[in-house]
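Enquirer: Position 3, counted from 1, in the sequence shown is what UniProt numbering calls 3; the numbers after and before it change by one each time, with no gaps. Ideal placement from N, C-alpha and C gives every residue a C-beta, glycine not left out. Below is one structure. I have some questions about it.
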Amino acid sequence: MSTVGHIDQPSRESPSSLIFGKDMVSKAAVLVILAWVLIRAVSCEMWEDTYKLFGCKGTYDKYKMAHLERICDECYEIYKKPDLHIECRRNCFGGTTFFKCMETVALDEYRKEQVLISWDNLRKIV
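Written as structure tokens, this is what we have:
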């Protein structure tokens, strides 16, 4: 009578938990999540502070702000002038640089309308 040898089943643990241990992996995951949350919180506060520095008086709306920021970013990609971002945002995106940038990036009518709605809402005093 032959005996069939016992075959070990492969471990179902992840490679990182085999090397570092389960406890260390879970602590690292918590630290990564915590860092992400802190970065998001700080960046939101930073944007709101920057929004006020631009001279905007309306209600802060990150989506509308991103609309206007995108125009300045696209314009910068064309001209590569160091002060262009500052000039484009001056007076809550109300200076001549912003409007020249709008013309330069050749917006279609729908996008131009959306940008102007965002611009109007960010500049309104509520």
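1) When we look at the beta-carbon of residue 71 and count the other beta-carbons within 10 Å, is it buried (16 or more) or exposed?
2) Return the chain-ordered list of same chain residues with a C-beta closer than 7 angstroms to the C-beta of residue 119, the five sequence neighbours on each side being excluded.
3) Report the option in 114, 101, 113, 122 whose CA atom is closest to the CA atom of residue 73.
4) Which residue marks the beginning of the alpha helix (DSSP H) containing residue 120, and which one marks its end?
5) With H, G and I counted as helix, E and B as strand and the rest as coil, what does DSSP make of residue 80?
6) Can you name, in chain order, every residue of its own chain whose Cβ lies under 6 angstroms from the Cβ of residue 64, other than the five neighbours on each side?
7) Using the Cα positions of residue 56 and residue 110, report the straight-line distance between them to the nearest angstrom.
8) Quick check: the Cα distance between residue 97 and residue 83, rounded to an integer number of angstroms?
9) By a C-beta neighbour count over all protein chains shown, 10 Å radius and 16 as the cutoff for buried, is residue 108 buried or exposed?
10) Kindly list the residues whose CB is nearer than 7 angstroms to the CB of residue 89, restricted to its own chain and excluding five residues on each side of it in sequence; keep chain order.
Expert: Working from what's here:
1) Mapped onto the sequence shown, residue 71 falls at position 71. Residue 71 should be labelled buried.
2) Working through the sequence shown from its first residue, we reach residue 119 at position 119. Answer for residue 119: 68, 93, listed in chain order.
3) Stepping through the sequence shown from its first residue, residue 73 is reached at position 73. Residue 101 is the option with its Cα nearest to residue 73.
4) Residue 120 sits at position 120 when you count from the first residue of the sequence shown. 109-123 is the span of the alpha helix (DSSP H), which, as asked, contains residue 120.
5) Taking the first residue of the sequence shown as position 1, residue 80 is located at position 80. Correct three-state label for residue 80: coil.
6) By one-based count along the sequence shown, residue 64 stands at place 64. The answer, listed in chain order, is 118, 121, 122.
7) Here residue 56 refers to the residue found at position 56 of the sequence shown. Here residue 110 refers to the residue found at position 110 of the sequence shown. Going from the Cα of residue 56 to the Cα of residue 110 covers about 24 angstroms.
8) Numbered from 1 along the sequence shown, position 97 holds the residue referred to as residue 97. Numbered from 1 along the sequence shown, position 83 holds the residue referred to as residue 83. Going by the C-alpha atoms only, they are around 11 angstroms apart.
9) Position 108 of the sequence shown, counting from 1, holds the residue named residue 108. It is exposed - the Cβ of residue 108 has fewer than 16 other Cβ atoms within 10 Å.
10) Working through the sequence shown from its first residue, we reach residue 89 at position 89. Closer than 7 angstroms at the Cβ level, and outside the excluded window around residue 89, lie 54, 72.
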